[in-house]
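Trainee: Residue numbers (this note's numbering): 596 to 974.
Even for Gly, the Cβ is constructed at its ideal location relative to N, Cα and C.
My structure is below; once you've seen it, I'll send some questions.
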Amino acid sequence: MFDIPFLRPNLVKKEKFLSYLEKIEATRIYSNYGPLNNLFEKRVINQMFDGTGAAVTVHNATIGLMLAISQSKRPQGKYAVMPSFTFAATPLAAEWCGLEPYFLDIEPENWQMNREQLEHTVRLLGDQIAVIVPYATFGTAIDLSFYNELIQQGIPVVIDGAASFGTITPVEATHFGKGFGGAVVFSFHATKSFGIGEGGLIYSMDQDLIKRIRRAGNFGFSSSRESVTQGLNSKIPEYTAAIALATLDQFKAVQENRKTIYEFYLHELLQAGLLEQGWSIQKLQGTVVHQFISILSPGSHSNREVIELLASNSIEARTYFSPACHQQKQFQGHPHSTLHVTEYIANHIVSLPLWEELDERIVQRIVKVLGSLGKENTE
Ligand SMILES: *Cc1c(COP(=O)(O)O)cnc(C)c1O
């Protein structure tokens, strides 16, 4: 046991969703895109996306990625082009769709898929690309105009936005994904900032795409209950929708709170001068509702050393996403570009706790331990 665990999920309390549960008992509708689910989807579109586009809930983001990829991909294509620096769910979803992941590197500062490599790969692979799956790394917004152009050229794009629910873009100050012509997949897993247990949501400006995904998520059934497309069951129960509605009701406060804790970290890192001593943080786009905070250890120190140092001070930290996908057994055979940045970051990334009850004092304690790295024997 650690004094300071890495995660301390804090889902909405039962008092906040009891009234929604009573509605389930009144209607006796328990699933199949019931009234609470429909209300949740409608509220997300109205409150988060200014009434534009369409959304469908899914049982988790992994199934969401599978559905979005299978309903977007070019039938003759072979590859799903994606960064290696992502969660295993991204390449797994592509594999379930019969595609081969093709891994690209990330950029050294914002940790997003390398743009130059992507442009090169688009020229190199041409029609063999079935879909491009960028990852909005750790909740950052990404420049969607670039990907909208690829869609215009006929190349499907599905964004893994698992950690980006609640992210506000820098220039337009709207929700990340708004107006995007491809699918954006968000996760509502308990460990994500909009945590409801298990769940997710797919958003797109393309209403027809969302309609097809909704159908595929319900056994591929047409209105006459005939299976007409490769489907599965991705529906959330009304109980989950009840929790999602209550979570949405209080999400503003969660957003504010997590932003404050992130700012504590920035303040302490600056105060301690760590950013001048070789530590670095991700260059983010927009305002992110942080699930945790990621930092790179100085070049001469691996993340393993940092994790051990923190553990010896009873602080739990992780190394998302290390090993990177191309380093994992399941994905080792897949083609990839040079991955120097991914491999460097996989050796230096440290994910630090950012749960909702963290106060300034605990953040100070964590940053102080980081500052003692390499100094243990010289004091
Ligand atoms: C969490 C996460 C997923 C999977 O989400 P689930 O809802 O747990 O299936 C996929 N991709 C990324 C990048 C994630 O962080």
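How big is the Cα-Cα spacing for T824 and T685?
Mentor: Here residue 824 refers to the residue found at position 229 of the sequence shown. Here residue 685 refers to the residue found at position 90 of the sequence shown. In a straight line, the C-alpha of T824 is about 22 Å away from that of T685.
Trainee: Distance check for D738 and T973, CA to CA, integer angstroms please.
Mentor: Here the question's residue 973 lines up with position 378 in the sequence shown. Here the question's residue 738 lines up with position 143 in the sequence shown. Interpretation of T973 is limited by its pLDDT of 47, a score under 50 that renders its predicted location unreliable; the figure taken from the coordinates is listed afterwards. Rounded to whole angstroms, T973 to D738 spans 45 Å at the Cα level.
Trainee: Using CA coordinates, which residue listed in R669, R899, K637, F698 is at the minimum distance from Q922?
Mentor: For the purposes of this step, residue 922 is identified with residue 327 of the sequence shown, where counting begins at 1. Closest option to Q922, Cα to Cα, is F698.
Trainee: Identify which residue in S788, G761, K970 has its Cα closest to the Cα of S895.
Mentor: Working through the sequence shown from its first residue, we reach residue 895 at position 300. Taking only the C-alpha atoms, the option nearest S895 is K970.
Trainee: Exposed or buried, which one is L953 when buried takes at least 16 other CB atoms within 10 Å?
Mentor: Taking the sequence shown and counting its residues from 1, one reaches residue 953 at position 358. Classification for L953: buried.
Trainee: So E951 and N852 are in contact, right, with Cβ under 8 Å, and what is the actual spacing, rounded?
Mentor: Counted from its first residue, the sequence shown places residue 951 at position 356. Counted from its first residue, the sequence shown places residue 852 at position 257. Yes, E951 and N852 are in contact; Cβ-Cβ is about 5 Å, under 8 Å.
Trainee: Can you tell me whether A725 is helix, strand or coil according to DSSP?
Mentor: By 1-based counting over the sequence shown, the position of residue 725 is 130. The answer is strand: DSSP assigns A725 an E or B state.
Trainee: Is it the case that the CB of H548 approaches a heavy atom of ligand 1 more closely than 6 Å?
Mentor: Given a span of 596 to 974 for the chain in the structure shown, any question on residue 548 remains unanswerable.
Trainee: Count the other CB atoms within 10 Å of the CB of K924; is the residue buried (16 or more) or exposed (fewer)?
Mentor: Numbered from 1 along the sequence shown, position 329 holds the residue referred to as residue 924. With fewer than 16 Cβ atoms within 10 Å of its Cβ, K924 is classed as exposed.
Trainee: Is it buried or exposed for K773, if we count other Cβ within 10 angstroms and need 16 for buried?
Mentor: On the sequence shown, position 178 is the one that residue 773 refers to. Classification of K773: buried, given that the 10 Å Cβ count is 16 or more.
Trainee: Please return the same chain residues whose Cβ sits closer than 7 Å to the Cβ of Q584, not counting the five positions on each side in sequence.
Mentor: Here the chain comprises residues numbered 596 to 974, so residue 584 is not present and cannot be evaluated.
Trainee: Cα separation between F635 and Q872?
Mentor: As a first step, residue 635 must be located in the sequence shown, where it is residue number 40. As a first step, residue 872 must be located in the sequence shown, where it is residue number 277. Approximately 46 Å, taken between the alpha carbons.
Trainee: Near D722, which residues of its chain fall below 8 Å by C-beta distance, leaving aside the five closest residues on each side in sequence?
Mentor: For the purposes of this step, residue 722 is taken as residue 127 along the sequence shown, with counting starting at 1. Only R669, Q671, G672 meet the Cβ criterion.
Trainee: Per DSSP, which residues does G795 bridge with? Please list them.
Mentor: Stepping through the sequence shown from its first residue, residue 795 is reached at position 200. Bridge partners of G795: V653, S782.
Trainee: Taking L949 as the reference, which of Q747, Q866, L602 has the closest Cα?
Mentor: Locating residue 949 in the sequence shown gives position 354, where the first residue counts as 1. That would be L602, whose Cα lies nearest to the Cα of L949.
Trainee: Measuring from the CB of N655, is there a heavy atom of ligand 1 at a distance below 6 Å?
Mentor: For the purposes of this step, residue 655 is identified with residue 60 of the sequence shown, where counting begins at 1. Yes, the beta carbon of N655 sits closer than 6 Å to at least one heavy atom of ligand 1.
Trainee: Using DSSP bridges, identify the partner residues of Y697.
Mentor: Taking the sequence shown and counting its residues from 1, the one referred to as residue 697 is at position 102. DSSP, once it has assigned bridges, lists V676 as partnering Y697.
Trainee: Is the beta carbon of T681 within less than 6 Å of some heavy atom of ligand 1?
Mentor: Counting from 1 along the sequence shown, the entry for residue 681 is found at position 86. T681: yes, Cβ under 6 Å from ligand 1.
Trainee: Compute the distance between the beta-carbons of E793 and L631, then report whether it is under 7 Å.
Mentor: For this step, residue 793 is matched to residue 198 along the sequence shown. For this step, residue 631 is matched to residue 36 along the sequence shown. It is not a contact, given that the beta carbons lie outside the stated cut-off.
Trainee: So what does H770 bridge to, in DSSP terms?
Mentor: As a position in the sequence shown, residue 770 is number 175, starting the count at 1. Paired residue(s): I763.
Trainee: Hey, I763 and T882: beta-carbon distance below 7 Å or not?
Mentor: Residue mapping note: residue 763 aligns to position 168 of the sequence shown, counting from 1. Residue mapping note: residue 882 aligns to position 287 of the sequence shown, counting from 1. Yes, Cβ-Cβ distance for I763 and T882 is below 7 Å.
Trainee: Given the structure, does D755 come close to ligand 1, in the sense that its CB is under 6 Å from one of the ligand's heavy atoms?
Mentor: Position 160 of the sequence shown, counted from the start, is the residue given in the question as residue 755. Yes, ligand 1 has a heavy atom inside 6 Å of this Cβ.
Trainee: Within 10 Å of its beta-carbon, does F597 have 16 or more other beta-carbons around it, so buried, or fewer, so exposed?
Mentor: Numbered from its first residue, the sequence shown carries residue 597 at position 2. F597 is exposed by the Cβ-count criterion.
Trainee: Restricting to Cα atoms, I'd like to know which of T937, T732, Y730, H715 is closest to I724.
Mentor: For the purposes of this step, residue 724 is taken as the residue at position 129 of the sequence shown. Per the Cα distances, H715.
Trainee: Just to confirm the assignment, what range does the beta strand (DSSP E) spanning S788 have?
Mentor: Counting from 1 along the sequence shown, the entry for residue 788 is found at position 193. It is not in any beta strand (DSSP E) - S788 carries neither H nor E in the DSSP assignment.
Trainee: By a C-beta neighbour count over all protein chains shown, 10 Å radius and 16 as the cutoff for buried, is P765 buried or exposed?
Mentor: As a working note, residue 765 is residue 170 in the sequence shown. Under this definition P765 is an exposed residue.
Trainee: Using a Cβ-Cβ cutoff of less than 6 Å, which residues in the same chain neighbour T937 once the five nearest sequence positions on both sides are dropped?
Mentor: Walking along the sequence shown from the start, residue 937 turns up at place 342. Contacts found: S679, F680, D700, I701, A919.
Trainee: Near F733, what residues of its chain come up, given a Cβ to Cβ distance below 6 Å and the 5 sequence neighbours on each side ignored?
Mentor: Sequence index remark: in the sequence shown, residue 733 carries index 138 (1-based). Once the five neighbours on either side are set aside, the close Cβ partners of F733 are A758, S889.
Trainee: Looking only at its own chain, which residues have a Cβ that is under 6 Å from the Cβ of W706, when we skip the five neighbours before and after it?
Mentor: Here residue 706 is taken as the residue at index 111 of the sequence shown, counted from 1. Excluding sequence neighbours, W706 sits near T732, Q877.
Trainee: State yes or no: is the C-beta of F775 within less than 7 Å of the C-beta of G795?
Mentor: Here residue 775 is taken as the residue at index 180 of the sequence shown, counted from 1. Here residue 795 is taken as the residue at index 200 of the sequence shown, counted from 1. The answer is no: Cβ separation not under 7 Å.
Trainee: Can you find the residues in the same chain that come closer than 7 Å, C-beta to C-beta, to I624, ignoring five residues on each side of it along the sequence?
Mentor: For the purposes of this step, residue 624 is taken as the residue at position 29 of the sequence shown. Hits under 7 Å: P630, E833.
Trainee: Return the bridge partner residues of L947 from the DSSP annotation.
Mentor: Taking the sequence shown and counting its residues from 1, one reaches residue 947 at position 352. L947 is bridged to I888.
Trainee: Which residues does DSSP list as the beta-bridge partners of D803?
Mentor: The sequence position of residue 803 within the sequence shown is 208, counting from 1. Paired residue(s): none; D803 is not in a bridge.
Trainee: To the nearest angstrom, how far is it from the Cα of L905 to the Cα of I961?
Mentor: As a working mapping, residue 905 is identified with position 310 in the sequence shown. As a working mapping, residue 961 is identified with position 366 in the sequence shown. Between L905 and I961, the C-alpha separation is close to 8 Å.
Trainee: For V607, I'd like the list of residues in its chain whose CB is within less than 7 Å of its CB, leaving aside the five on either flank, ordered along the chain.
Mentor: The sequence position of residue 607 within the sequence shown is 12, counting from 1. Only I838, A841, T842, Q845 meet the Cβ criterion.
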